[in-house]
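First comes the structure, then the notes that go with it.
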Amino acid sequence: MTSLLAGAFAVLGGIDAFHGERGVDDTTVSNDGAPSIYAAKYKDCIGKEDFPESLASDEGVNNDWDIKKVDNSLAKYKVSMETVTKNLNYIDAHNFIHQEFLRSKDYLLNRELSEIQKHYHREVMRICYDTDKALNLGSASRL
1 MTSLLAGAFA VLGGIDAFHG ERGVDDTTVS NDGAPSIYAA KYKDCIGKED
51 FPESLASDEG VNNDWDIKKV DNSLAKYKVS METVTKNLNY IDAHNFIHQE
101 FLRSKDYLLN RELSEIQKHY HREVMRICYD TDKALNLGSA SRL
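Letter by letter, the sequence shown follows residues 1 to 143 of full-length UniProt numbering.
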């Protein structure tokens, strides 16, 4: 156990030393010119501009029983998404997230959906966006 902890600290210390030695800067500039700590690993990562403009908000969605059931389902979906991406290598996890994002985006753009269904797919897209961002921020430990 002690050697495992020592090995973990050696690896993590090496990563920090590499960042300091190479002058790696994790600060990027977003589209609006504001600095951001989020450093994207690929140009195809999900960005806020990828959300359809006409479907960006939940305006008009009532807070009724159906929405609560959908939100409960979305909470389970988020846990499943996190579990799946932790069990895949970085590239497969990245591809899986993008496929799920595009699947929901296609549903929103190409189908007649109820407000509840639109809410569900918008939230799936947000979960994919957040998971993609978290994956990129933590990818050094998964290489």
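By construction, the Cβ of each residue, glycine as well, lies at the ideal position given by its N, Cα and C atoms. On a predicted model such as this, the values are computed, not experimentally measured, just so you know.
Straight-line gap, ASN95 to CYS45 (C-alpha atoms, nearest Å)
Indexing the sequence shown from 1 puts residue 95 at position 95. Indexing the sequence shown from 1 puts residue 45 at position 45. Going from the Cα of ASN95 to the Cα of CYS45 covers about 10 Å.
- Query: Would you say the region 84-94 touches the region 120-129, given that touching needs at least three Cβ pairs under 8 Å?
  - Reply: no
DSSP on GLY89, reduced to helix/strand/coil? Residue 89 sits at position 89 when you count from the first residue of the sequence shown. The sequence shown places Asn at residue 89, not Gly. Of the three classes helix, strand and coil, the one that applies to ASN89 here is coil, per DSSP.
Inset, instruction - Please work out which residues of its chain come closer than 8 Å, Cβ to Cβ, to LYS69, disregarding the five sequence neighbours upstream and downstream, and give them in chain order. - result: For the purposes of this step, residue 69 is identified with residue 69 of the sequence shown, where counting begins at 1. So the list is empty, once near-sequence residues are dropped.
### Message
Please report the distance separating the alpha-carbon of LYS78 from that of GLU100.
### Response
Position 78 of the sequence shown, counting from 1, holds the residue named residue 78. Position 100 of the sequence shown, counting from 1, holds the residue named residue 100. The alpha-carbon atoms of LYS78 and GLU100 are separated by roughly 12 Å.
Going straight from the alpha carbon of ASP64 to that of TYR120, what length do you get?
The sequence position of residue 64 within the sequence shown is 64, counting from 1. The sequence position of residue 120 within the sequence shown is 120, counting from 1. Cα to Cα, ASP64 sits roughly 14 Å from TYR120.
*asked:* For ASP132 and ILE97, which I take to be in contact (beta-carbon distance under 8 Å), what is that distance rounded to the nearest angstrom?
replied: Position 132 of the sequence shown, counted from the first residue, corresponds to residue 132. Position 97 of the sequence shown, counted from the first residue, corresponds to residue 97. Correct: roughly 5 Å between the Cβ atoms.
**Request:** Please report how far the alpha carbon of LEU109 lies from the alpha carbon of GLY47, in whole angstroms.
**Result:** Locating residue 109 in the sequence shown gives position 109, counting from the first residue. Locating residue 47 in the sequence shown gives position 47, counting from the first residue. One C-alpha to the other measures close to 17 Å.
Answer with buried or exposed for ARG111, where buried requires no fewer than 16 other C-beta atoms within 10 angstroms of its C-beta.
Locating residue 111 in the sequence shown gives position 111, counting from the first residue. Exposed, because fewer than 16 other Cβ atoms sit within 10 Å of the Cβ of ARG111.
Which class does ILE46 belong to by DSSP, given the choice of helix, strand or coil? Here the question's residue 46 lines up with position 46 in the sequence shown. Coil at ILE46, not helix or strand.
- Alpha carbon to alpha carbon, how far is SER114 from ASP66? Give it in angstroms, no decimals. Working through the sequence shown from its first residue, we reach residue 66 at position 66. Working through the sequence shown from its first residue, we reach residue 114 at position 114. Those two C-alpha atoms are separated by around 12 Å.
From the beta carbon of PHE96, is the nearest beta carbon of chain C less than 8 Å away?
Note that chain C does not occur in the displayed structure, where there is just one protein chain.
> Given a threshold of 16 other Cβ atoms within 10 Å of its Cβ, counted over all protein chains shown, does ALA75 qualify as buried or as exposed?
Replying inline: Indexing the sequence shown from 1 puts residue 75 at position 75. The residue in question, ALA75, is exposed, as its Cβ has fewer than 16 Cβ neighbours within 10 Å.
Exercise for the section: Could you check the C-alpha separation between TYR107 and ARG122 for me, to the nearest Å? Expected result: As a working mapping, residue 107 is identified with position 107 in the sequence shown. As a working mapping, residue 122 is identified with position 122 in the sequence shown. Approximately 10 Å between the Cα atoms of the pair.
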